[in-house]
Amino acid sequence: MTIHMPDQPVLTFHGAAGTVTGSCHLIQLGERRVLVDCGMFQGSKSEKELNYRPFPFDPASIDAVILTHAHIDHSGLLPKLVKAGFDGPIYATRATTDLCSVMLPDSAHIQEMEVENLNRRNARRGRDEVEPIYDAEDAFRAVTLMRPVELKTWTTATENIRFRLWNAGHLLGSTSVEMEAGPAEKPMRLVFSGDIGPHHKLLQHDPEGPRDVDYVITESTYGDTDRPEIDDAARLKALKREVEAAYRPGGALLIPSFAVERTQELVADLHQLMEKREIPTCPIIIDSPLATRASEIFLRHAREIEKGDQLARAFRARNIRFTESVEQSKAIDHIRDFHIVIAASGMCEAGRIRHRLKNWLWREEGTVLLVGYQATGTLGRILEEGAPVVRIQGEEIKVRARIRKLDVYSGHADAAELAAWVQDRAPISRNIFLVHGEEPAMAGLAARLGDFLTEGRIVMPRLDSSYRLTKDGAVSLTPAPPPRLEPMLVGSRDWHNDLQSLVLDIQDELNHAADDKARGVILRRLRRALVE
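Under the numbering used here, the sequence shown has 144 at position 139, and the numbering climbs by one with no breaks.
Shown next as structure tokens:
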């Protein structure tokens, strides 16, 4: 969609609108176009299918990308953007550039492997082959376009659009983006929060940002959640309690975790507890090549990290092990003593954690500890909600392991912290857009912000919606092209989730039926329902 408004920026939300993933915001000023983030969708199958569709804009028309941080839901479609014709600069901090140099090729590798497995299953089912979204070469080309910039330093993205980055406290290298769009004498001032870190973040300094802006685009992931105040001692105590509860002879504690930042925090805290002899020393296995490479980058940037010396000491410990090859990963299943495995992905949607879950979910000696946000429709959310049976890679698995949640390692600010961050941007003369959150979270944050903002100034954009940013406020542009996904399917369970649940329920009913006659009755009723 081309909108000719030479003096007034147009902001379009091509991701993270009504959902927590796929961050992608397009600023258009006349013929100039800049993206803030270009992330991958996660969650339900309907949302993930958006990753395979063409972009709703011409990638070759984009002048530059400003990347807030390296997490895949913010950076994961950069190689696809390059593959589709983008060849401009990608601006980010040095640490973000370093992390993307390992994360984007890893994302390509995962896609290639999973598509290979899917095509084997499709061949047996007589279905067409599919192709990965992008490959390792596309990822490499995206990394070569990255241009490191310093914090709080103004940089020109394209004609009449300049920006500077502020520490967001979410992840190594993570930032908020302050942008001026328009002629130098009267630019529109915007702030994109990126992901805002909580005040108790182990390895990161508190988030910052500019004041006196026109528009704020803020994340709302935990906009309806108030966490109790927590310090280092309370966080360690909570982790200690979970490890002690998980300890079983011959058992395992599985921690699905994002390979970047969350893994490093967990290793630092587990090592500290073992060093103080507050929990038994046992093997801690980092079952993720990406986490291994990311940890090396963290150590290179240790001076930028709070408690970087503590992290370095933990990674030198003898009981910390890393798996690189598939053979090393498979060997974990033969460990007989109690051990801890930290593996990606954090939402259990891909990677080696799914293999560990297949081996342990059906065993009472196992414990799964969820330490991060689980998006609707992901396997992690399904486990969190107490599903008695799940399907992993086509296999039905009974859940006998303990499923636990520990919300002290979140990389996201809670509702009170988000509201405080927004208030610190005051005065905000125009509107606040709430993104990167599901409906209840956005509504919760909107209610809280309503305490100090007048009615009508808070906007909750839909996927692919556009707004002209004027000095009098945001104006919704209508009619707009239809969204790529109906609003009811964004940030919610879809029919794929419902089908999986139904299949498991049917199987459970058949398993518990008194005899074959009773099973026949169930099947006949189902057949009648299908033809009604």
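Think of the CB as a built atom: it goes at the ideal place given N, C-alpha and C, for glycine as much as any other residue. In this text, all values refer to a predicted model and were calculated from it rather than measured experimentally.
Pair within 8 Å by beta-carbon distance, residue i and residue j
i      : j      : result
ASP78  : SER112 : no
LEU150 : ASP68  : no
LEU490 : GLU52  : yes
SER330 : ARG357 : no
LEU16  : LEU474 : yes
PRO153 : THR98  : yes
GLU389 : LYS403 : no
ILE345 : LEU275 : yes
LEU82  : GLY44  : yes
GLU579 : HIS210 : Because the chain is modelled from 6 through 537, residue 579 falls outside the range shown and cannot be assessed.
PHE320 : SER293 : no
PHE168 : VAL182 : yes
GLY385 : LEU375 : yes
ILE138 : TYR57  : yes
ILE437 : VAL221 : yes
GLY178 : HIS74  : yes
ASP412 : ARG267 : no
ARG529 : LEU515 : no
ILE397 : ILE347 : no
GLY131 : GLY382 : no
ASP513 : VAL395 : no
ILE291 : PHE327 : yes
ILE235 : VAL272 : no
ILE511 : ALA518 : no
PHE18  : PRO466 : yes
Distance between beta carbons of residue j and residue i, contact taken as under 8 Å
i      : j      : result
THR223 : VAL427 : 6 Å
GLU270 : TYR414 : 6 Å
THR372 : LEU207 : That belief does not hold up - the Cβ atoms of THR372 and LEU207 are roughly 22 Å apart, past 8 Å.
ALA296 : ALA355 : Their Cβ separation, rounded to whole angstroms, is 14 Å, which puts ALA296 and ALA355 out of contact at 8 Å.
PHE457 : GLY351 : Wrong, their Cβ atoms sit about 33 Å apart, outside the cutoff.
MET193 : PRO14  : 5 Å
ALA21  : VAL440 : 5 Å
LEU195 : ASP219 : 7 Å
ALA307 : ALA322 : At roughly 16 Å, the Cβ-Cβ gap does not stay under 8 Å, so ALA307 and ALA322 are not in contact.
Three-way DSSP call (helix, strand, coil) for residue i in this model
i      : result
HIS339 : helix
ASN127 : helix
ARG430 : coil
HIS9   : The predicted position of HIS9 is uncertain, since its pLDDT is 48 and thus under 50; a value taken from the coordinates is nonetheless stated next. HIS9: coil per DSSP, three-state reduction.
ALA446 : helix
ARG524 : helix
ASN324 : coil
PHE457 : coil
TYR57  : helix
GLY3   : This structure cannot settle anything about residue 3, because the visible part of the chain is limited to 6 through 537.
PRO203 : coil
HIS30  : strand
TRP365 : helix
THR381 : coil
LEU515 : helix
ARG467 : coil
GLU422 : helix
GLU142 : helix
ARG489 : coil
ARG167 : strand
ALA22  : coil
HIS344 : strand
VAL148 : helix
Within-8 Å CB hit, residue i to chain B
i      : result
THR475 : Absence of chain B from the displayed structure is noted, only one protein chain being present.
Where the beta strand (DSSP E) through residue i begins and ends
i      : result
LYS403 : 400-403
PRO393 : From DSSP, PRO393 is part of no beta strand (DSSP E); its letter is neither H nor E.
PHE197 : 193-197
ARG37  : 37-41
PHE62  : Where PHE62 is concerned, there is no enclosing beta strand (DSSP E), given that its DSSP letter is neither H nor E.
GLU183 : 180-186
ASN436 : Element bounds for ASN436: n/a, residue is neither H nor E.
LYS410 : 407-410
THR160 : 160-163
ALA479 : 478-481
MET151 : 151-153
Unbroken alpha helix (DSSP H) run spanning residue i, endpoints
i      : result
MET352 : Where MET352 is concerned, there is no enclosing alpha helix (DSSP H), given that its DSSP letter is neither H nor E.
GLN269 : 267-280
VAL248 : 237-251
GLU301 : 294-305
VAL218 : Where VAL218 is concerned, there is no enclosing alpha helix (DSSP H), given that its DSSP letter is neither H nor E.
Please list the segments of the alpha helix (DSSP H) lying wholly inside the stretch 66-135, counting only runs of 4 or more residues, in order along the chain. Every alpha helix (DSSP H) stretch that sits fully inside the stretch 66-135 and reaches 4 residues is listed by chain position as 77-80, 83-88 and 99-130.
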